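Heads up: the structure comes next, in C-alpha coordinates.
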Amino acid sequence: MQTRLWQITLLITFLLVVATIGLAVQAQNQPVMGVDAQVNGRFYLRDVPYGGAQVVTVLRGGTDVTIIDSTEQGKSTWYQIEIGEQTGWLPSTAVTIKE
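In the working numbering, the protein residues as written are 34 to 132.
What follows is the structure, given as C-alpha coordinates:
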(Lines of atoms letter the chains of each structure in order from A and count residues from 1; the text may use other names and numbers.)
(Lines give C-alpha, C1' and ligand atoms only; values in the text may rest on other atoms or scores of the structure.)
Protein backbone atom coordinates (compact mmCIF):
# COMPACT_ATOMS: atom_id res chain seq x y z
CA MET A 1 0.00 0.00 0.00
CA GLN A 2 2.84 2.41 0.87
CA THR A 3 4.54 1.68 -2.47
CA ARG A 4 1.34 2.45 -4.40
CA LEU A 5 0.85 5.74 -2.53
CA TRP A 6 4.48 6.65 -3.22
CA GLN A 7 4.04 5.93 -6.95
CA ILE A 8 0.91 8.09 -7.14
CA THR A 9 2.69 10.93 -5.32
CA LEU A 10 5.63 10.75 -7.74
CA LEU A 11 3.31 10.70 -10.75
CA ILE A 12 1.37 13.75 -9.55
CA THR A 13 4.61 15.61 -8.80
CA PHE A 14 5.98 14.79 -12.25
CA LEU A 15 2.80 15.97 -13.98
CA LEU A 16 2.82 19.25 -12.03
CA VAL A 17 6.47 19.89 -12.96
CA VAL A 18 5.80 19.18 -16.65
CA ALA A 19 2.74 21.46 -16.65
CA THR A 20 4.69 24.26 -14.94
CA ILE A 21 7.55 24.03 -17.44
CA GLY A 22 5.10 24.05 -20.34
CA LEU A 23 3.37 27.18 -19.04
CA ALA A 24 6.71 28.91 -18.43
CA VAL A 25 7.89 28.20 -21.99
CA GLN A 26 4.58 29.39 -23.43
CA ALA A 27 4.70 32.58 -21.35
CA GLN A 28 8.28 33.22 -22.42
CA ASN A 29 7.31 32.98 -26.10
CA GLN A 30 4.28 35.24 -25.75
CA PRO A 31 5.06 38.84 -24.85
CA VAL A 32 2.44 40.75 -22.93
CA MET A 33 0.61 43.72 -24.38
CA GLY A 34 2.49 46.97 -24.16
CA VAL A 35 6.02 45.53 -24.33
CA ASP A 36 8.59 47.95 -25.73
CA ALA A 37 10.85 46.66 -28.49
CA GLN A 38 13.19 47.89 -31.20
CA VAL A 39 13.35 46.92 -34.87
CA ASN A 40 16.59 45.04 -35.72
CA GLY A 41 16.97 46.16 -39.33
CA ARG A 42 14.94 47.19 -42.36
CA PHE A 43 11.62 45.29 -42.31
CA TYR A 44 8.21 45.53 -43.91
CA LEU A 45 5.34 46.13 -41.52
CA ARG A 46 2.53 43.87 -42.82
CA ASP A 47 -1.23 44.21 -42.48
CA VAL A 48 -1.61 40.54 -41.44
CA PRO A 49 0.92 38.04 -40.00
CA TYR A 50 2.10 36.56 -43.29
CA GLY A 51 5.27 37.20 -45.31
CA GLY A 52 3.33 37.80 -48.52
CA ALA A 53 0.78 40.16 -46.96
CA GLN A 54 0.27 43.77 -47.99
CA VAL A 55 2.97 46.16 -46.77
CA VAL A 56 1.74 48.91 -44.44
CA THR A 57 5.10 50.71 -44.25
CA VAL A 58 8.84 50.07 -44.14
CA LEU A 59 10.57 50.25 -40.75
CA ARG A 60 14.26 51.04 -40.32
CA GLY A 61 16.62 49.49 -37.80
CA GLY A 62 16.52 51.18 -34.41
CA THR A 63 12.85 52.15 -34.69
CA ASP A 64 11.10 51.91 -31.30
CA VAL A 65 7.81 49.99 -31.36
CA THR A 66 5.31 48.56 -28.88
CA ILE A 67 4.25 44.90 -29.10
CA ILE A 68 0.49 44.66 -28.58
CA ASP A 69 -0.19 41.04 -29.58
CA SER A 70 1.46 37.89 -30.92
CA THR A 71 0.46 34.83 -32.92
CA GLU A 72 2.00 31.62 -34.22
CA GLN A 73 1.93 31.01 -37.98
CA GLY A 74 3.39 27.59 -38.68
CA LYS A 75 6.88 27.62 -37.17
CA SER A 76 7.03 31.43 -37.04
CA THR A 77 5.98 33.83 -34.32
CA TRP A 78 4.62 37.21 -35.42
CA TYR A 79 4.22 40.32 -33.26
CA GLN A 80 1.51 42.86 -33.83
CA ILE A 81 3.20 46.16 -33.18
CA GLU A 82 2.13 49.73 -32.78
CA ILE A 83 4.19 52.69 -33.90
CA GLY A 84 2.47 56.02 -33.49
CA GLU A 85 -1.01 55.64 -34.97
CA GLN A 86 -0.06 52.67 -37.19
CA THR A 87 -0.36 48.99 -36.36
CA GLY A 88 0.85 45.98 -38.27
CA TRP A 89 2.72 42.69 -38.03
CA LEU A 90 6.43 41.85 -37.93
CA PRO A 91 8.12 38.46 -37.57
CA SER A 92 9.54 38.01 -34.07
CA THR A 93 13.05 37.86 -35.56
CA ALA A 94 12.64 41.49 -36.68
CA VAL A 95 12.53 42.94 -33.17
CA THR A 96 14.47 42.88 -29.93
CA ILE A 97 12.41 43.17 -26.76
CA LYS A 98 13.76 45.87 -24.45
CA GLU A 99 14.66 44.71 -20.97
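Every residue, glycine too, gets a C-beta built ideally from N, C-alpha and C. Given the structure is predicted, the values throughout are model-derived calculations rather than measurements.
(request) Label Val72 either buried or exposed according to how many other C-beta atoms from any shown protein chain fall within 10 Å of its C-beta, with 16 as the threshold for buried. (result) Here Val72 is buried. Its C-beta has 16 or more other C-beta atoms within 10 Å.
(request) Would you grab the beta carbon distance between Leu78 and Gly121 for me? Rounded to a whole angstrom, and I think it's under 8 Å. (result) Their Cβ separation, rounded to whole angstroms, is 4 Å, which keeps Leu78 and Gly121 in contact under 8 Å.
(request) Can you give me the Cβ contacts of Met66 inside the same chain, cut-off strictly under 6 Å, excluding the 5 residues immediately before and after it? (result) The answer, listed in chain order, is Ile101.
(message) Going by DSSP, what residue range makes up the beta strand (DSSP E) through Ser125?
(response) Following the DSSP letters along the chain, one finds Ser125 in no beta strand (DSSP E), marked with neither H nor E.
(request) Could you tell me the distance, in whole angstroms, from the CA atom of Asp97 to the CA atom of Gln119? (result) The straight-line gap from Cα to Cα measures roughly 13 Å.
(message) Taking the beta carbon of Trp39 as the centre, do at least 16 other beta carbons fall within 10 Å, making it buried, or is it exposed?
(response) Taking all protein chains shown into account, Trp39 has fewer than 16 neighbouring C-beta atoms within 10 Å of its C-beta and is therefore exposed.
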